[in-house]
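What follows is the structure, given as structure tokens:
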């Protein structure tokens, strides 16, 4: 989506600025979260390479010292210490990645108090798989049904955001989920203007 496309829809410069600002914030926030996770992965990869280089150096030294039992024993001890340090550091970084992804997921689910919700989750069944957490969605769904007060309600979200709208072609709402202007594509904006100009005008005025 660019300024020329929005201008073609008949929006003023002020309206275009609002749409671009809202859309840009969503994109920047998403990119920031992805960069943070990538940074943790890079730390893990860098440390793995460092340990691999150390292991190779110890192997080379071990070959040269094969006739010295004392030196060979010392090298083996260093290898074992190296292995333990590697496992501990990997676990630490994996935990950091898990905690970061969990925090972002809870915020994305509109949780009011992440600390309170974490206490209700069965962490043993939640596993980090790439950039997602397996086993989290089902637990959150259950909490939304049993303890809805832990989550921001739809009415609260609508008051905080730019006026929400329903999908084009369904002006009465129906079962469609309201959308925020920041989440809409150019095509959705164009369809809204064609199918519901009054709602389009109301949205772009705010």
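In this note's numbering, the protein residues as written are 1 to 206. Cβ atoms here follow ideal geometry from the backbone N, Cα and C, with glycine treated the same way.
Quiz item: If you draw a straight line from the alpha carbon of residue 188 to that of residue 81, how long is it in whole angstroms?
Solution: Within the chain shown, residue 188 is the residue found at index 188, counting from 1. Within the chain shown, residue 81 is the residue found at index 81, counting from 1. Residue 188 and residue 81: Cα-Cα distance of roughly 58 Å.
Quiz prompt | Residue closest to residue 110, alpha-carbon to alpha-carbon, out of 184, 137, 42 | solution = Position 110 of the chain shown, counted from the first residue, corresponds to residue 110. The shortest C-alpha separation from residue 110 is found at 137.
Exercise. State the DSSP-derived secondary structure class of residue 121, mapped to helix, strand or coil.
Key: For the purposes of this step, residue 121 is taken as residue 121 along the chain shown, with counting starting at 1. Residue 121 falls in the coil class under three-state DSSP.
Quiz item: First and last residue of the alpha helix (DSSP H) that includes residue 84?
Solution: The count along the chain shown starts at 1 and reaches residue 84 at position 84. Residues 69-108.
Quiz item: What is the DSSP secondary structure of residue 11, reduced to helix, strand or coil?
Solution: As a first step, residue 11 is located in the chain shown; it is residue number 11 there, counting from the start. It is coil, neither helix nor strand.
Quiz prompt | Per DSSP, cross-strand counterpart(s) of residue 151 | solution = As a first step, residue 151 must be located in the chain shown, where it is residue number 151. In the DSSP output, where bridge partners are listed per residue, residue 151 has 111.
Self-check item: Per DSSP, cross-strand counterpart(s) of residue 129
Solution: Locating residue 129 in the chain shown gives position 129, counting from the first residue. Answer is 132.
Quiz item: When the Cα atoms are used, what is the spatial distance from residue 164 to residue 144?
Solution: Position 164 of the chain shown, counting from 1, holds the residue named residue 164. Position 144 of the chain shown, counting from 1, holds the residue named residue 144. Per-residue confidence for residue 164 stands at a pLDDT of 45, beneath the threshold of 50, marking its modelled position as unreliable; no derived number is given.
Self-check item: Expected contact under 8 Å - CB spacing of residue 152 and residue 112 to nearest Å
Solution: For the purposes of this step, residue 152 is taken as residue 152 along the chain shown, with counting starting at 1. For the purposes of this step, residue 112 is taken as residue 112 along the chain shown, with counting starting at 1. Residue 152 to residue 112, Cβ: 6 Å. Contact.
Quiz item: If you draw a straight line from the C-alpha of residue 124 to the C-alpha of residue 141, how long is it?
Solution: Reading the chain shown from its first residue, position 124 is the one you call residue 124. Reading the chain shown from its first residue, position 141 is the one you call residue 141. If you take the alpha carbons of residue 124 and residue 141, they lie about 17 Å apart.
Self-check item: Within 8 Å, strictly: CB atoms of residue 192 and residue 202
Solution: Position 192 of the chain shown, counted from the first residue, corresponds to residue 192. Position 202 of the chain shown, counted from the first residue, corresponds to residue 202. No; because the gap between Cβ atoms is not below 8 Å, this pair is not in contact.
Quiz item: Quick one: is residue 185 buried, meaning 16 or more other Cβ sit within 10 Å of its Cβ, or exposed?
Solution: Walking along the chain shown from the start, residue 185 turns up at place 185. By the neighbour-count rule (16 or more Cβ atoms within 10 Å), residue 185 is not buried but exposed.
Quiz item: Do the stretch 47-62 and the stretch 83-100 meet, that is, are 3 or more Cβ pairs less than 8 Å apart?
Solution: yes
Quiz item: Which term fits residue 101, buried or exposed, when burial requires 16 or more other beta carbons within 10 angstroms of its beta carbon?
Solution: Numbered from 1 along the chain shown, position 101 holds the residue referred to as residue 101. Per the 10 Å Cβ criterion, buried.
Quiz item: Does the separation of the CB atoms of residue 105 and residue 150 fall below 8 Å?
Solution: By one-based count along the chain shown, residue 105 stands at place 105. By one-based count along the chain shown, residue 150 stands at place 150. No; because the gap between Cβ atoms is not below 8 Å, this pair is not in contact.
Self-check item: Selection from 11, 63, 96 that minimises the alpha carbon distance to residue 207
Solution: The question about residue 207 has no answer, for the chain in this structure spans 1 to 206.
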